[in-house]
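Working notes for the structure below.
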Amino acid sequence: MSKLNPNLLATVRTVDTGHATVVSIAGEVDMTTEQLVWTAIRAQLATPRGLLILDLTGVAFMASAGLRLLLQSQNAAARRGTRLAIVPSAAVRRPLAVAGIDRVLDLYPDVRSVPRTA
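Under full-length UniProt numbering, the first residue of the sequence shown is numbered 1, with each subsequent residue one higher.
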């Protein structure tokens, strides 16, 4: 059995907008791509910032590893004093709702809807 290349299943792009850093993730977030995605998020959390936005509108599939990753990201951001806003796709919103996690994350319909201040 060959090992899957996470870079073929997910892409991560980071943009600084001036008031926030946006980490855009596309593809699949599961146990194969979890480390790739977490490494990108952790790198952004290493630098103090007021607002970090996870743009998941390009995510077509999110497994339980991805849900855990979002909770882990929220906890890490809170410890560093960074506000974390999440913009889920429909494919992400459904498992968040089923697991009840949508009630504890700061979710927005699109990146433009995220307020600049808390």
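Ideal placement from N, C-alpha and C gives every residue a C-beta, glycine not left out.
Between the CA atoms of residue j and residue i - distance to the nearest angstrom
| i | j | result |
| --- | --- | --- |
| Ser-24 | Gly-100 | 23 angstroms |
| Trp-38 | Leu-71 | 11 angstroms |
| Gln-35 | Thr-17 | 25 angstroms |
| Asp-106 | Thr-11 | 23 angstroms |
| Pro-48 | Pro-109 | 25 angstroms |
| Arg-83 | Val-15 | 16 angstroms |
| Asn-75 | Arg-68 | 11 angstroms |
Three-state secondary structure (DSSP) of residue i
| i | result |
| --- | --- |
| Arg-68 | helix |
| Arg-13 | strand |
| Leu-45 | helix |
| Leu-8 | helix |
| Pro-109 | coil |
| Ile-55 | The residue you asked about is not Ile; residue 55 is Asp in the sequence shown. Three-state result, Asp-55: strand. |
| Ala-63 | coil |
| Thr-21 | strand |
Status (buried if at least 16 other CB within 10 Å, exposed otherwise) for residue i
| i | result |
| --- | --- |
| Asp-30 | buried |
| Gly-81 | exposed |
| Val-104 | exposed |
| Leu-8 | exposed |
| Ser-73 | buried |
| Val-59 | buried |
| Ala-85 | buried |
| Ala-43 | exposed |
| Ala-77 | buried |
CB contact flag (residue i, residue j, <9 angstroms)
| i | j | result |
| --- | --- | --- |
| Gly-27 | Thr-21 | no |
| Pro-95 | Leu-56 | no |
| Leu-51 | Ile-41 | no |
| Phe-61 | Ala-97 | no |
| Arg-79 | His-19 | no |
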